[in-house]
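**Q** Can you read through this structure? Questions will come right after.
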Amino acid sequence: MARSLKVAQEYQQKVKSSLQRNSYPSQKALADDLGISLSTVKNFLGSKPVDYQYFVEICRKLELNWQEIAHKESDTQLNSSTTLEETSPFITGSSITHPRHFFGRQKELKRLFDLLKRHPLQNAAIIGKRRIGKTSLLHYLKNITTTPPEQLRAAQKYDWLPHPENYKWIFVDFQDPRMASRERLLSYILECLSLKVPTLCNLDYFMDIVSDNLHSPTVILLDEIGVGLKRCPELDDEFWECLRSLATNHTRGNLAFILATHESPIELARNTGHSSPFFNIFGYTATLGALTEAEARELIASSPITFAEEDVEWILQQSQCLPLLLQILCRERLFNLEDGETDENWREEGLRQIEPFAHLLEAQTQR
Ligand SMILES: Nc1ncnc2c1ncn2[C@@H]1O[C@H](COP(=O)(O)OP(=O)(O)O)[C@@H](O)[C@H]1O
Ligand SMILES: [Mg+2]
-4 MARSLKVAQE YQQKVKSSLQ RNSYPSQKAL ADDLGISLST VKNFLGSKPV DYQYFVEICR
56 KLELNWQEIA HKESDTQLNS STTLEETSPF ITGSSITHPR HFFGRQKELK RLFDLLKRHP
116 LQNAAIIGKR RIGKTSLLHY LKNITTTPPE QLRAAQKYDW LPHPENYKWI FVDFQDPRMA
176 SRERLLSYIL ECLSLKVPTL CNLDYFMDIV SDNLHSPTVI LLDEIGVGLK RCPELDDEFW
236 ECLRSLATNH TRGNLAFILA THESPIELAR NTGHSSPFFN IFGYTATLGA LTEAEARELI
296 ASSPITFAEE DVEWILQQSQ CLPLLLQILC RERLFNLEDG ETDENWREEG LRQIEPFAHL
356 LEAQTQR
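Structure (structure tokens):
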């Protein structure tokens, strides 16, 4: 689900006065102008959490810099009350959400942004084994172009798009059971687009409102779409067909889908009994494997305590440059150095910790 944001305490006054400064006679006038509910505006002004997309939209109308005034609530990997030094250097339990912790995939990023930077926006599929880094890549696409450079590593490329501020990104996680309901999913997409959500949101209404109102480039990221296809009978061929026709015929090239799955979309459709042409619109497929050696070295070098060259070589070899395995082995080496231990037990422990992910090492695609 999208993150929610709230106004940081020190900006409360500034935000309250911005309504008048921008000639809005009332909170309702702002809500109407944006086509969103009054309660969202009230929450925003009262420093209560509101959906990320609404937050950005409201700030735009009120001429506020959203990144400056936001108190980031739910970004546990890096939030405004945590300094960079306090955050964990190696992340192994969850997908990478903050771009600072993401390494490599430069070839895939270039191709994906090439598809998204010109009209018509084009669709892509990201394929790869469990825990290879699909979700992390989706988050990175969504966040990298608008993250303030001071929150990135030196030399980390962020200028992938000519006008990143115009783009809307919608992250749909099909592992979230709420996304199994057609109505919930459509309402969620409308909400992210700051469009009015009706009490009953059906496919016809959704198609009409999106085709009438989608004027800026929009990318819908569909994570674990296979789960959606297998578990959700409401997401049937008619549903997928509508999404396809929306992207190809009704949004003036402004809409693209990027999906993540462990098998090719066409195979996936076949294996789950779907026949919709939706699964034929993915002209570009990125198959994720290991990082390049240079990318893997960069990840290792991000350790706050420098590793000895022989340790670096051992980590590269054992991990075969697979990002999760790199992260685990680096974590073990770092803990061991931090504890001032001089033995080699960390290697044994590291191998034990990567054991459950041995499937990643099988039939590795060479880079
Ligand atoms: N580009 C990357 N840079 C650094 N670590 C990564 C990267 N991609 C994946 N990882 C590591 O792999 C783990 C699994 O990634 P994730 O995106 O959740 O995989 P998937 O969605 O394919 O199951 C993350 O917790 C992280 O440790
Ligand atoms: Mg995932």
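Heads up: the sequence shown begins at -4 in the numbering used here, then just goes up one per residue. Positions of the beta carbon are idealized from the N, C-alpha and C atoms, including for glycine.
Kindly indicate which three-state DSSP category Val214 falls into: helix, strand or coil?
**A** On the sequence shown, residue 214 is found 219 positions in, with the first residue counted as 1. Val214 falls in the strand class under three-state DSSP.
**Q** Check the DSSP bridge columns for Thr282 and list the partner residues they point to.
**A** Here the question's residue 282 lines up with position 287 in the sequence shown. Paired residue(s): Ile122.
**Q** What number of angstroms, rounded off, separates the C-alpha of Ser83 from the C-alpha of Leu133?
**A** For the purposes of this step, residue 83 is taken as the residue at position 88 of the sequence shown. For the purposes of this step, residue 133 is taken as the residue at position 138 of the sequence shown. Taking the straight line from one Cα to the other gives about 21 Å.
**Q** Under the three-state reduction of DSSP, which class applies to Thr71: helix, strand or coil?
**A** Walking along the sequence shown from the start, residue 71 turns up at place 76. Because the pLDDT at Thr71 is just 46, under 50, the model does not fix this residue reliably, and the point stays unresolved.
**Q** Count the CB pairs spanning the region 245 to 261 and the region 81 to 100 that are closer than 8 Å, and state whether there are at least three.
**A** No, they do not touch.
**Q** Given the structure, does Lys152 come close to ligand 2, in the sense that its CB is under 6 Å from one of the ligand's heavy atoms?
**A** In the sequence shown, the residue the question calls residue 152 occupies position 157. It does not: the Cβ of Lys152 is nowhere closer than 6 Å to a heavy atom of ligand 2.
**Q** If you follow the alpha helix (DSSP H) that Thr256 is in, where does it begin and where does it stop?
**A** Position 261 of the sequence shown holds residue 256. Note, Thr256: premise wrong, no alpha helix (DSSP H); beta strand (DSSP E) at 250 to 256.
**Q** Counting Cβ pairs closer than 8 Å, one from the region 214 to 231 and one from the region 165 to 181, do we hit at least three?
**A** Enough Cβ pairs lie closer than 8 Å, so yes.
**Q** Does the separation of the CB atoms of Gln48 and Pro143 fall below 7 Å?
**A** For this step, residue 48 is matched to residue 53 along the sequence shown. For this step, residue 143 is matched to residue 148 along the sequence shown. In this structure, Pro143 does not lie closer than 7 Å to Gln48 by Cβ.
**Q** Cβ of Leu319 within 6 Å of any heavy atom in ligand 1?
**A** Numbered from its first residue, the sequence shown carries residue 319 at position 324. The answer is yes for Leu319.
**Q** Please list, in chain order, all residues of the same chain as Leu57 whose beta carbon is under 6 Å from its beta carbon, the five residues on each side excluded.
**A** On the sequence shown, residue 57 is found 62 positions in, with the first residue counted as 1. Excluding positions up to five away in sequence, the list reads Ser13, Asn17.
**Q** Using only the alpha-carbon positions, how far apart do Asn340 and Pro159 sit?
**A** For the purposes of this step, residue 340 is identified with residue 345 of the sequence shown, where counting begins at 1. For the purposes of this step, residue 159 is identified with residue 164 of the sequence shown, where counting begins at 1. One C-alpha to the other measures close to 47 Å.
**Q** Quick one: is Glu343 buried, meaning 16 or more other Cβ sit within 10 Å of its Cβ, or exposed?
**A** As a first step, residue 343 is located in the sequence shown; it is residue number 348 there, counting from the start. When all chains shown are included, Glu343 counts as exposed.
**Q** Decide if the region 271 to 278 is in contact with the region 288 to 306; the criterion is three or more beta carbon pairs, one per stretch, under 8 Å apart.
**A** Short answer: they don't touch.
**Q** Does the beta-carbon of Gly278, which I'm using as the reference point, lie nearer than 6 Å to any heavy atom of ligand 1?
**A** Indexing the sequence shown from 1 puts residue 278 at position 283. No, since every heavy atom of ligand 1 falls outside the 6 Å radius drawn around the Cβ of Gly278.
**Q** Quick check: the region 185 to 203 against the region 29 to 38, are there 3 or more CB pairs under 8 Å?
**A** Touching, yes, given that three or more Cβ pairs across the two stretches are closer than 8 Å.
**Q** I need the straight-line Cα distance from Thr363 to Gln15, nearest angstrom please.
**A** The question about residue 363 has no answer here: the residues shown for the chain are numbered -4 through 362.
**Q** Going by the C-beta, is Lys129 closer than 6 Å to any heavy atom of ligand 2?
**A** Here residue 129 refers to the residue found at position 134 when the sequence shown is read from its first residue. Yes, the beta carbon of Lys129 sits closer than 6 Å to at least one heavy atom of ligand 2.
**Q** Quick check on this structure: which residue in Arg326, Val10, Gly41, Tyr279 has the alpha carbon closest to the alpha carbon of Ile349?
**A** Locating residue 349 in the sequence shown gives position 354, counting from the first residue. If we check each option's Cα against that of Ile349, Arg326 comes out closest.
**Q** Would you identify the three-state DSSP class for Val167, choosing helix, strand or coil?
**A** Mapped onto the sequence shown, residue 167 falls at position 172. Three-state result, Val167: strand.
**Q** Would you report the Cα separation of Cys316 and His354, rounded to the nearest angstrom?
**A** Translated into the one-based positions of the sequence shown, residue 316 becomes position 321. Translated into the one-based positions of the sequence shown, residue 354 becomes position 359. Cα to Cα, Cys316 sits roughly 14 Å from His354.
**Q** What first and last residue would you give for the alpha helix (DSSP H) that runs through Asp37?
**A** Reading the sequence shown from its first residue, position 42 is the one you call residue 37. It should be pointed out that residue 37 corresponds to Lys in this sequence rather than to Asp. That run of the alpha helix (DSSP H) goes 33 to 40.
**Q** Counting only C-beta atoms, is Ser259 closer than 7 Å to chain C at any point?
**A** The chain labelled as chain C is not found in the depicted structure, where only one protein chain is given.
**Q** Once you ignore the five residues that flank Phe302 on each side, which residues in its own chain have a CB closer than 7 Å to its CB?
**A** As a position in the sequence shown, residue 302 is number 307, starting the count at 1. Excluding residues within five positions, the ones whose Cβ falls inside 7 Å are Ile295, Arg328.
**Q** Would DSSP call His93 helix, strand or coil?
**A** Looking up residue 93 in the sequence shown gives position 98. Coil, per DSSP.
**Q** What is the residue span of the alpha helix (DSSP H) that Val10 lies within?
**A** For the purposes of this step, residue 10 is identified with residue 15 of the sequence shown, where counting begins at 1. From DSSP, the alpha helix (DSSP H) with Val10 extends over 7 to 16.
**Q** Out of Asp27, Ala3, Pro20, which one is the CA nearest neighbour of Phe39?
**A** Within the sequence shown, the letter at position 44 stands for residue 39. The candidate whose alpha carbon is nearest that of Phe39 is Ala3.
**Q** Does DSSP put His66 in a helix, in a strand, or in coil?
**A** Position 71 of the sequence shown, counting from 1, holds the residue named residue 66. The answer is strand: DSSP assigns His66 an E or B state.
**Q** Indicate whether Gly281 and Leu116 have their beta-carbon atoms separated by less than 7 Å.
**A** Indexing the sequence shown from 1 puts residue 281 at position 286. Indexing the sequence shown from 1 puts residue 116 at position 121. According to the sequence provided, residue 281 is Ala. The question's Gly does not apply to it. For Ala281 and Leu116, no; Cβs fall outside 7 Å.
**Q** Assuming Leu185 and Ile204 form a contact by the criterion Cβ under 8 Å, report the distance between their Cβ atoms to the nearest whole angstrom.
**A** Counting from 1 along the sequence shown, the entry for residue 185 is found at position 190. Counting from 1 along the sequence shown, the entry for residue 204 is found at position 209. That pair is a contact at about 7 Å.
**Q** Helix or strand or just coil, what does DSSP make of Asp338?
**A** Mapped onto the sequence shown, residue 338 falls at position 343. In the structure shown, Asp338 sits in coil (DSSP, three-state: anything other than H, G, I, E or B).
**Q** Asn244: buried (16+ other C-beta within 10 angstroms of its C-beta) or exposed?
**A** One-based indexing of the sequence shown puts residue 244 at position 249. Its Cβ having fewer than 16 others within 10 Å, Asn244 is exposed.
**Q** Measuring only the C-alpha atoms, how far is Leu111 from Ser90?
**A** Working through the sequence shown from its first residue, we reach residue 111 at position 116. Working through the sequence shown from its first residue, we reach residue 90 at position 95. Each residue's alpha carbon lies about 23 Å from the other.
**Q** Which residues mark the beginning and the end of the alpha helix (DSSP H) in which Lys129 is found?
**A** As a position in the sequence shown, residue 129 is number 134, starting the count at 1. 129 to 139 is the extent of the alpha helix (DSSP H) around Lys129.
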